[in-house]
Amino acid sequence: MGSWRNSATSSMKLLWLILPFMVVAVFIGVKKSNLADGSKYYPWVWSSVITSYSTSAIKDNEAVAAVGSVSLGQRPTVVEGGGEVAEGPSEDYVFHQTSNSSYPPLAMEDEMDVELPAIAKEDDMNVMSGPDIFVSVNQTHGFPVDAQINRKSTSLDKLEARLGRARAAIKEAESGNKTHDPDYVPDGPMYWSAAAFQRSYLEMEKQFKVFVYEEGEPPIFHDGPCKNIYAMEGNFIYQMETTKYRTKNPEKAHVFFLPMSATMMVHYIFERNPNVDHWLPMKQTIKDYVDLVGSKYPFWNRSLGADHFTVACHDWGPELSKAVPYLFKNSIRALCNANISEGFNPTKDVSIPEILLPDGTTHGILNGPSPRYRPVLAFFAGGVHGPIRPILLEYWQDKDPDLQVHKYLPKGVSYMAMLRQSKYCISPSGYEVASPRMVEALYTVILTVEDIPNLKKILTGISTRQYLRMQMRGKQVRRHFEVNFPPKRYDVFHMILHSVWLRRLNIRIQGVADS
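Residue numbers (the UniProt record's numbering): 1 to 515.
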C-alpha cells in the first residue's frame with residue numbers, strides 16, 4: 001500500500017491503458033528490466049518469465065512502454081501460457097472442503113466490519129533479523145550445509161550437479177535453435193530469448209521436484225480460496241497436492257513448499273478486536289509451522305529457508321512472511337502483492353497474477369467478438385482510490401459514448417460484457433500493485449496523466465493494423481495466463497512453477513564435502 005501513498009509524485013506520472021484481451025494474465029514482459037541484470041547463466045531470465053513489481057525509484061518523467069501488461073511504476077518481464085476454457089474443480093472443492101464442512105464461507109476484506117491494521121514496517125518487527133542472504137541475479141549463490149544437519153551429502157551433491165548441467169544447457173540454448181515441440185514452441189518478440197526460455201521449461205519438466213510438507217490441517221494449511229479475487233492462492237495449493245512435480249522423497253526435492261494460505265489466516269485467525277495486536281495470532285501461526293517443519297526435517301535449517309517457497313495472493317502476504325525473518329529474507333515468496341515498498345525482492349521472489357474467478361472457472365472470461373467488431377473504444381469501471389482515477393473520472397465519466405468511463409456500472413450492465421465490446425481497457429492505478437485488470441487484458445499503452453484529456457485522440461490514432469498486431473500477440477501468449485483444470489503445459493500454474501524453478505537455479509546449496 002505504501003508505494004502509491006508515499007510516492008505520489010512518481011505515481012502521478014503514469015496511466016496505463018490495457019487492450020482487453022479476455023485472458024488470465026500477469027506474467028508477461030518483453031524487454032530486459034532496468035532493475036535486475038540477467039543471471040550469469042541465463043541473462044534472459046527476467047524477460048522470459050513475467051515479473052511485475054513496483055518501485056518508487058522511477059523518475060517523474062519516465063514512461064514505460066512494453067508489449068506486456070505493465071503496472072503503474074512497474075517493470076515487466078515475460079512468460080507464456082495457453083489453453084482452453086477451463087473446467088473448475090468439483091463442487092466438493094471450493095475451499096478444499098466437502099459440502100458438509102462447518103467452515104463459514106470465505107469473506108473478502110471489503111466484507112469485514114473492522115478497520116484493517118496498517119502494514120507494519122520491517123524496522124518495527126520485534127524479532128531478531130536474520131543474516132542478509134539475498135540471492136544475486138548475477139550469480140549462483142552458495143549456501144553451506146552444516147555437517148551436523150545434513151549427513152547425506154551424496155544425494156544433494158548429485159542434485160546440484162544436475163542443476164549445474166541444466167544451467168549450462170540453458171546458456172547454450174541462447175545461441176542455438178529451439179527444440180521441436182508438438183504442443184508449443186515459444187516464438188516472437190514477446191520473449192526476451194525464446195530458445196533459452198524453452199530450454200529452461202524443458203529442463204524443468206525433465207527434473208524439477210517439489211516436496212510438499214504434509215504437516216498442518218485445513219482450512220489454514222493445504223487449503224485456500226478457489227473463487228473470486230484470491231483464487232490463484234487456493235488453486236495453486238490445490239494443484240501442488242496432485243502435480244507430477246511433487247515428490248514424496250524430500251532427498252530428491254529441489255524446493256520445499258509450505259502449503260499455508262494467507263487468505264484463510266485472515267479469515268479464520270485475524271484478530272478483530274481493535275484493542276489487541278491484529279497481526280500476532282496470524283504471525284504466530286506461521287512461526288509455529290516453520291518451527292515444526294524445521295524441527296522435524298533438516299531441510300529448512302540446511303539452507304536457512306532459501307530453497308523453500310510460499311504462495312500468497314492476499315495483500316497481507318508480504319507482511320505475514322515477516323513472522324519468520326528467514327522466510328521474509330531468504331525464501332522464495334510467490335506473491336500477487338509484488339510491491340518493493342513492502343519487501344518484495346525481485347532477485348528471489350516471484351510475482352504471480354491476481355486472477356478474478358467469480359465461479360472458480362474461466363467460463364465467461366475468455367474469448368470475445370472479433371477485434372474488428374468492438375463498438376466501444378475504451379472502457380473503465382471501478383472505485384475511486386489512488387491519485388489518478390479521480391482525474392480520469394473528472395475528464396471522461398459519462399462524457400463520451402466511445403469512452404465508457406464509470407465509477408459504478410449502470411444497473412443491469414455486465415462488466416465482462418462491456419469488456420468484450422471494447423477495444424481497450426483503461427487501467428488507471430489505484431493504491432495497490434495487484435489488480436485483476438492486469439489479468440483481464442495483456443497489451444498496454446502507457447500515458448502520462450497530462451495526456452488524459454487527449455485520451456480519445458491518442459487511441460483513435462493507433463492504426464487498425466497496429467491494433468490487430470497487438471491483439472494477435474496477446475492471443476499468442478494468452479496460454480501462459482490461463483487457469484486449467486487439470487493444468488496444461490505452459491499455463492499459469494506451470495509458469496508460476498517455472499518462476500520458482502528459475503529462482504532455485506540462482507542458488508547452490510553446498511554439501512558437506514564442499515563446505
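For every residue, glycine included, the Cβ atom is placed at its ideal position computed from N, Cα and C. These figures come from a predicted structure and were not determined experimentally.
Nearest-angstrom Cβ-Cβ length linking residue i and residue j, presumed shorter than 8 Å
i	j	result
Met416	Phe379	No, Met416 and Phe379 are not in contact; Cβ-Cβ is about 11 Å, not under 8 Å.
His480	Met470	In fact, because the Cβ distance is near 16 Å, the residues do not count as touching under 8 Å.
Ile452	Leu392	6 Å
Leu356	Asn484	Contact flag wrong, Cβ pair sits at about 16 Å.
Leu377	Leu403	6 Å
Glu319	Glu354	At roughly 17 Å, the Cβ-Cβ gap does not stay under 8 Å, so Glu319 and Glu354 are not in contact.
His308	Leu258	6 Å
Arg374	Gly382	Arg374 to Gly382, Cβ: 20 Å. No contact.
Phe197	Pro186	5 Å
Thr285	Ile220	7 Å
Ser352	Leu327	Reading off the sequence shown, one finds Ile at residue 352, where the question assumed Ser. Not confirmed; about 17 Å, so no contact.
Ala312	Glu233	6 Å
Lys209	Tyr245	6 Å
Ala173	Arg199	4 Å
Pro371	Leu468	6 Å
His222	Ile237	7 Å
Gly430	His385	5 Å
Phe211	Phe270	That belief does not hold up - the Cβ atoms of Phe211 and Phe270 are roughly 29 Å apart, past 8 Å.
Gly188	Gln466	That belief does not hold up - the Cβ atoms of Gly188 and Gln466 are roughly 16 Å apart, past 8 Å.
For residue i, the residue or residues it bridges with in DSSP
i	result
residue 518	Residue coverage of the chain in this structure runs from 1 to 515, which leaves residue 518 outside it and unanswerable.
Tyr424	Ala378
Ser351	Leu335
His308	Phe256
Leu403	Ala378, Asp400
Arg479	Answer is none; Arg479 lacks a bridge partner.
Arg246	Val210
Exposed unless 16 or more other CB atoms sit within 10 angstroms - verdict on residue i
i	result
Ser499	buried
Lys329	buried
Ala86	Low local confidence applies: a pLDDT of 32 at Ala86 is under 50, so the model's placement there is unreliable, with the coordinate-based value given in what follows. Burial call: buried.
Asn249	exposed
residue 520	Lying before the first or after the last residue shown, residue 520 is absent from the chain, which here runs from 1 to 515.
Arg503	buried
Thr464	exposed
Ala195	buried
Val324	buried
Gly360	buried
Lys348	buried
Glu215	exposed
Lys206	exposed
Asn273	exposed
Test: residue i CB closer than 7 Å to a CB of chain C
i	result
His267	As a matter of chain content, chain C is missing from the structure shown, which is built from one protein chain.
Helix, strand or coil at residue i according to DSSP, with G and I counted as helix
i	result
Arg272	coil
Leu409	coil
residue 561	Nothing about residue 561 can be read from this structure; the chain reaches only from 1 to 515.
Phe328	helix
Phe221	strand
Ile509	strand
Arg489	coil
Phe236	helix
Val266	helix
Phe211	strand
Asn454	helix
Phe197	helix
Pro186	coil
Leu366	coil
Trp192	coil
Thr285	helix
Trp300	helix
Ile340	helix
Ser295	helix
His494	helix
Asp157	helix
Lys322	helix
Ile462	coil
Trp501	helix
Gly317	helix
Thr384	Note that residue 384 corresponds to Val in the displayed sequence, not to Thr. It is coil, neither helix nor strand.
Ser178	Just to set this straight, residue 178 is Lys in the shown sequence, not Ser. Three-state DSSP puts Lys178 in coil, outside helix and strand.
Pro346	coil
Gly474	helix
Closer than 6 Å: residue i CB and nearest the ligand SAM heavy atom
i	result
Leu163	The ligand SAM is not part of this structure, which contains no ligands at all.
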